Structure formats: structure tokens, C-alpha cells
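Report on one structure; see the data block that follows.
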Amino acid sequence: MSNIELYFAKASTFSQRTRVVVLEKRIDFTPIEIDLQNKPEGFTRISRYGKVPAIKHGDIEIYESAIINEYLEEVFPEPPLLPQTPGEKAIARIWIDYANTRLVPAFSKFLRSKETNEQEQGRREFTEALLYIEEEGLGKLSGSGSYWLGDKFSLVDISFYPWFERLPLLTHFRKFTLPTETPRLQKWWNVVRDRESIRAVANPESYYLERFAKILGEPAVVGGAQK
Ligand SMILES: N[C@@H](CCC(=O)N[C@@H](CS)C(=O)NCC(=O)O)C(=O)O
């Protein structure tokens with residue numbers, strides 16, 4: 001029995017990253033669901049930023065999904081979720097950084113901004129990120145494999161995928177669909193979304209739509225008609 005406690009929230013993109021890692025590595029863990037509107041006393045002692053995911057492994061407390069996932073990769077190396085050579089590992093980390101610093105902020109700006117100009121800027125930045133991924137990421141790294149780095153599913157796939165699971169939010173609230181110039185990305189997502197670990201932590205589309213209709217205070221729009 002492992003002594004890992006995994007603090008997560010069901011709706012949390014970042015938590016999904018770590019939940020997938022523990023499933024892929026078949027690590028025994030105790031899931032502890034956190035109500036982010038009403039964080040339990042003691043949680044911020046474990047996760048100093050007050051965010052999920054966080055883990056407690058014996059005396060060690062770790063937060064920040066990318067750091068947790070690298071820790072789990074070191075402590076539970078099988079099956080590997082990062083390439084083995086320093087150069088390839090560095091490339092994988094550059095893409096994980098790209099998810100964190102480019103794709104995720106652009107997605108959030110596009111979906112969450114109330115102000116039209118800012119929303120449009122989010123749309124442009126998100127589209128640019130997708131086209132960049134198509135050419136510079138999948139176009140150069142995946143080869144004939146199904147995943148970002150080729151044949152092997154990795155922390156890169158895991159770091160990006162939660163935002164693709166939420167694409168229906170952009171379709172319904174922002175009338176956005178993946179550009180036709182992204183065939184590799186669409187193929188990648190169709191393979192990734194079907195993986196057992198990803199399906200195990202997925203939420204239904206209706207869950208996201210209802211949640212964001214409340215968060216945004218906007219009705220979901222399908223093909224211009226109100227839903
Ligand atoms: N950079 C962090 C981001 C984590 C994060 O923003 N988590 C959100 C949920 S998706 C959260 O806990 N929000 C609660 C809060 O900020 O109070 C990571 O990679 O783990």
C-alpha cells in the first residue's frame with residue numbers, strides 16, 4: 001500500500017495531469033477531493049499556493065502539477081513518461097513549459113475574458129499556439145507515432161490534454177473549432193482521448209457546459225442558437 005495522498009478537484013485541469021500520471025504508473029494512492037470554494041483547514045499547509053493538485057508522500061509535500069509529475073517520474077520510473085536522454089528530456093520540458101506559459105493562458109483569456117478585445121486577443125493567441133504545435137511540435141517530433149514525442153505516451157501529452165477535453169467550451173461559448181490546418185493535432189487528440197487513463201478521469205461535456213454557464217454568466221450557444 002502506497003502512502004501517497006493525492007489532493008485534487010474533479011473539475012481541475014491541473015489535477016487531471018497528476019491523476020493520469022498515477023494511473024499510468026499504477027501507483028497506489030489515496031484520493032482526497034478538495035472543495036476549492038471551501039478549502040479544508042490544513043490544506044494550505046500542504047499546498048502553499050492553496051491550489052490543486054498536491055501530494056503528500058510520507059513527509060514530503062509537493063504542489064505544482066509539473067513538479068509533482070517529475071517527482072513521480074523519478075520515484076516511480078516505470079513505465080517512463082519522459083525520454084531517457086538529457087537532450088530529449090529537455091525538449092519534452094520545453095513543450096511542457098509551452099503548455100504552461102502559452103497554450104493555457106491563451107485558452108483562459110479566450111474563454112474567460114468578458115471584454116471583447118481581450119477575448120479576440122485570446123482567440124488569436126490560442127489559434128497561433130495551435131498552429132505552432134501543429135508544425136513545430138507534432139510536425140517535427142511525433143513522426144509516424146500517435147503521440148507528441150512519437151510512439152510513447154509522455155508527460156507532454158499529459159500536460160496538454162486537459163485543455164483539449166474542454167474544447168467544447170470554446171465551441172459553445174466562443175463558436176470556435178479546431179482550425180482545418182491542424183490535422184495532426186486532431187489525430188493526436190482522437191488517440192489521446194481514447195486512452196484508458198484519460199477516460200478514467202474525464203468529465204462529460206455537459207458537466208463543463210453547465211459549470212461554465214454559471215462561471216461565465218453566459219448561456220451556451222450552439223450554432224448561434226441558445227441551448
Ligand atoms: N500552476 C499550478 C496551477 C494549479 C491551479 O491553478 N489549480 C486550480 C484548479 S485547476 C486551483 O487549485 N485553484 C484554486 C485556487 O486558486 O484557489 C499547477 O500546475 O499545479
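Going by the UniProt record's numbering, the residue at position 126 of the sequence shown is 126; the numbering climbs one at a time, nothing skipped.
Even for Gly, the Cβ is constructed at its ideal location relative to N, Cα and C.
Quick caveat: nothing in here was measured; it's all calculated off a predicted structure.
Per-residue DSSP class, three states only, for residue i
i, result
"Lys140", "helix"
"Leu6", "strand"
"Tyr208", "helix"
"Ala225", "The predicted position of Ala225 is uncertain, since its pLDDT is 44 and thus under 50; a value taken from the coordinates is nonetheless stated next. Ala225 falls in the strand class under three-state DSSP."
"Glu70", "helix"
"Tyr98", "helix"
"Ala92", "helix"
"Thr30", "strand"
"Lys56", "strand"
"Gly87", "helix"
"Glu61", "strand"
"Gly122", "helix"
"Tyr161", "helix"
"Tyr147", "strand"
"Leu81", "coil"
"Arg112", "helix"
"Phe76", "coil"
"Arg174", "helix"
Residues near residue i by beta carbon distance below 8 Å, same chain, minus five either side
i, result
"Pro179", "Thr127, Leu130, Leu131"
"Phe107", "Gly122, Phe126, Trp163, Arg166, Leu170"
"Glu118", "Lys109"
Proximity to residue i [Cα-Cα], best of the options
i, options, result
"Trp189", "Asn3, Tyr147, Ile4", "Tyr147"
"Pro204", "Gln121, Leu169, Pro219", "Leu169"
"Asp59", "Asn3, Ala200, Ile215", "Asn3"
"Pro83", "Gln37, Ile62, Ser142", "Ser142"
"Phe212", "Thr101, Pro86, Ser113, Lys25", "Ser113"
Beta-carbon separation (whole angstroms), residue i vs residue j, contact threshold 8 Å
i, j, result
"Thr18", "Ile68", "5 Å"
"Val21", "Leu72", "5 Å"
"Pro53", "Leu6", "7 Å"
"Ile134", "Thr182", "Checking the sequence shown, residue 134 turns out to be Glu, not Ile. Right, the Cβ-Cβ distance comes to about 5 Å (below 8 Å), so this counts as a contact."
"Phe173", "Ala220", "6 Å"
"Ala99", "Ser159", "4 Å"
"Leu155", "Leu81", "5 Å"
"Tyr63", "Arg48", "6 Å"
"residue 292", "Glu33", "In this structure the chain extends from 1 to 227, so residue 292 is not present and cannot be described."
Cβ-based neighbour list, residue i, same chain, cut-off 7 Å, excluding 5 preceding and 5 following
i, result
"Thr171", "Thr177"
"Ser15", "Phe8, Ala9, Val52, Pro53"
"Glu218", "Phe173"
Answer yes if the stretch 159 to 179 comes into contact with the stretch 190 to 205, meaning at least three C-beta pairs across the two stretches below 8 Å, and no otherwise. yes
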